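*Asks:* Got a structure for you, questions after.
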Amino acid sequence: MPLPKAELHLHIEGTLEPELLVTIARRNELSLPTMDVAELRAEYLFDDLQTFLDLYYRNVAVLRTEQDFYELAAAYLRRAHADGVRRAEIFFDPQQHLRNGVPLAVVMSGLSAALADARAAQGISADLILCFLRDLGGDAAKEMLHAALPFRDQFIGVGLDSAEMGYPPSLFREVYAMAAAEDLRRVAHAGEEGGPDYVWEALDILGAERIDHGIRALEDASLVQRLREERIPLTVCPLSNVALRAVPTLADHMLPAMLDEGLLVTVNSDDPAYFGGYVEQNFEAVGAQLGFGGDVLAQLAENSFEACFATPEQRAGWNAELREAVSRQTAQATETLGRNT
Ligand code: ADE
Ligand code: ZN
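Residue numbers for the sequence shown follow my numbering, beginning at 1 and rising by one.
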């Protein structure tokens, strides 16, 4: 049984599996280079973040209607529920949909309806985080936030994603100040491809409460100290880092070093349709490849609840479930050991 956990770094557009991509493209009478699922999946090999983003934005362009956004989010939430996810804080990229001619109201109503239905049917707690595309710059981000404010009750925070190098967090100082004035939570991708200086800027200039990826933070000892002392969460995505070649193999991943440094790290899937696994597969992969035992995996699950934006009461409830799951696992392991000796 998967451990109860929160998923805090997940782009809903990155859950678009080739099967659904083809279904939606056909329904909207849009063409793709191929309509063959296996051929589409064979394209999912990347050299870096940019080669991935090129394909991701091409595929995102099939999403046009409320039903498309509903089906996308509903499929992810079903999958997440099966993976033990109790809480999901989900990124979406509205600037890209606007560029494709899709009104924001269509995106918001499709996603919000799927979240409400999953809450009712599966008891999963989920909220949306609106991401700004950093390669479109600070003014476009301000326009985006302004346009999104009529939907303020349908998202809990803002994030920063897309091409990182050359687009430092400092470009987004004003829009993050606007978001803070609206009481929105603030997170930002930093230190995925960019260096520790991007993480510093996200903290100092944007007031980021959580850093997405942050794997390069380890290169700067004083940054590590700051992250540790302030318990700033880092939402790490191990399979993504391998797929986008931020690390050569999972066995080389810095996650053990980050844990050894006492950082509040969590494990997440990022864009699971593209990177070979949903959140539980990320947990299983780090367990197998980095030699993490049940205690470390439970620590990572506990970290995810500490790092999430749910209420203290919700977090206490999930932590209690987690403790029960861990004691059940321990009891089973002891029983198996007893039978085999
Ligand atoms: N958009 C979707 N996935 C992303 C990632 N891993 N980094 C930056 N932008 C993204
Ligand atoms: Zn991401």
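Using N, Cα and C, we set each Cβ at its ideal position, and we do this for glycine too. Being a predicted model, the structure only gives us computed values, none of them experimental.
(1) Less than 8 Å between the beta carbons of E17 and V85, yes or no?
(2) Suppose the cutoff is 8 Å on Cβ atoms and the five residues either side in sequence are ignored; what does the same chain contact list for I124 look like?
(3) Within the same chain, show all residues whose beta-carbon is closer than 7 Å to that of I205, passing over the 5 residues directly before and after it, in chain order.
(4) Thinking C-alpha only, which one of V236, D271, N268 is nearest L255?
(5) Would you list the one or two residues that DSSP bridges to I211?
(6) Taking S125 as part of the beta strand (DSSP E), name the residues at either end of that continuous run.
(7) Taking the runs of the alpha helix (DSSP H) that are 4 residues or longer, which of them lie wholly in the region 211-284?
(8) Just grab the DSSP bridge partners of G159 for me.
(9) Measure the C-alpha to C-alpha separation of N59 and L21 and round it to an integer number of angstroms.
(10) Any chance the CB of D260 is under 7 Å from a heavy atom of the ligand ZN?
(11) Do H11 and D271 count as a contact pair if the criterion is CB distance below 8 Å?
(12) Is it a yes or a no for the region 214-221 touching the region 123-140, going by three-plus beta-carbon pairs under 8 Å?
(13) Taking 7 Å as the cut-off, does the CB of D153 come closer than this to any heavy atom belonging to the ligand ZN?
(14) Between the region 127-134 and the region 271-281, do three or more beta carbon pairs fall short of 8 Å?
(15) Measure the CB-CB distance between L250 and P4 and report whether it falls below 8 Å.
(16) Rounded to the nearest angstrom, how far is the Cβ of S112 from that of Q50, given a contact under 8 Å?
*Replies:* In terms of the structure at hand:
(1) Position 17 of the sequence shown, counting from 1, holds the residue named residue 17. Position 85 of the sequence shown, counting from 1, holds the residue named residue 85. No, the pair does not count as a contact, with Cβ atoms beyond the cut-off.
(2) Numbered from its first residue, the sequence shown carries residue 124 at position 124. Taken in chain order, the residues that qualify are L77, A80, H81, V85, R86, R87, A88, A118.
(3) Taking the sequence shown and counting its residues from 1, one reaches residue 205 at position 205. Sequence-distant partners of I205 (beyond 5 residues in either direction) whose C-beta falls short of 7 Å from its own C-beta, in its chain, are P169, S170, R173.
(4) Here residue 255 refers to the residue found at position 255 of the sequence shown. Taking L255 as reference, the option from V236, D271, N268 with the minimal CA-CA separation is V236.
(5) By one-based count along the sequence shown, residue 211 stands at place 211. Assignment of beta-bridge partners to I211 by DSSP yields A188, L234.
(6) Numbered from its first residue, the sequence shown carries residue 125 at position 125. First-last of the beta strand (DSSP E) with S125: 125-133.
(7) As far as the region 211-284 is concerned, its whole alpha helix (DSSP H) runs of at least 4 residues are 221-229, 238-243, 255-260, 272-275.
(8) If you number the sequence shown from 1, residue 159 lands on position 159. C131.
(9) Along the sequence shown, one-based indexing puts residue 59 at 59. Along the sequence shown, one-based indexing puts residue 21 at 21. In a straight line, the C-alpha of N59 is about 7 Å away from that of L21.
(10) Here residue 260 refers to the residue found at position 260 when the sequence shown is read from its first residue. The nearest non-hydrogen atom of the ligand ZN is 7 Å or more from the C-beta of D260.
(11) Residue 271 sits at position 271 when you count from the first residue of the sequence shown. Residue 11 sits at position 11 when you count from the first residue of the sequence shown. Their beta carbons are under 8 Å apart, which means D271 touches H11 by this criterion.
(12) By the C-beta criterion, the region 214-221 is judged not to be in contact with the region 123-140, since fewer than 3 inter-stretch pairs fall below 8 Å.
(13) The count along the sequence shown starts at 1 and reaches residue 153 at position 153. Every heavy atom of the ligand ZN is 7 Å or more from the Cβ of D153, so no.
(14) Output reads no: the region 271-281 does not touch the region 127-134.
(15) Against the sequence shown, residue 250 aligns to sequence position 250. Against the sequence shown, residue 4 aligns to sequence position 4. The Cβ-Cβ distance between L250 and P4 does not fall below 8 Å.
(16) For the purposes of this step, residue 112 is taken as residue 112 along the sequence shown, with counting starting at 1. For the purposes of this step, residue 50 is taken as residue 50 along the sequence shown, with counting starting at 1. That belief does not hold up - the Cβ atoms of S112 and Q50 are roughly 31 Å apart, past 8 Å.
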